[in-house]
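A.B. asks: Straight run, no breaks: the sequence shown in this note's numbering ends on number 194. In this text, a Cβ means the ideal position worked out from N, Cα and C, and glycines have one as well. Note that the structure is predicted; figures quoted are calculated from it, not measured.
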Amino acid sequence: MTDGMLAAVALERHLSIVTRNTRDFDGSGASILNPWS
Numbered sequence: 158m159t160d161g162m163l164a165a166v167a168l169e170r171h172l173s174i175v176t177r178n179t180r181d182f183d184g185s186g187a188s189i190l191n192p193w194s
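Next comes the structure, spelled out in structure tokens:
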């Protein structure tokens, strides 16, 4: 699954993306959570 698809699903379902790799989702509009920072 590509990052864009993950972001689209998160936006549609009002979910947060939990990842260490936040740079890939910058500008997607999705809520991003990095629990390692």
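1. Within its chain, find whatever has a CB closer than 8 angstroms to the CB of residue 161; leave out the 5 residues flanking it on each side and keep chain order.
2. I'd like to know whether the C-beta atoms of residue 164 and residue 174 end up nearer to each other than 8 angstroms.
3. Tell me which residue opens and which closes the beta strand (DSSP E) that residue 163 is part of.
4. Per DSSP, which one or two residues make a beta bridge with residue 173?
5. To the nearest angstrom, how far is the alpha carbon of residue 178 from that of residue 172?
C.D. replies: Taking the geometry as given:
1. 185
2. yes
3. Not the beta strand (DSSP E): residue 163 falls in the alpha helix (DSSP H), residues 160–170.
4. 188
5. 17 angstroms
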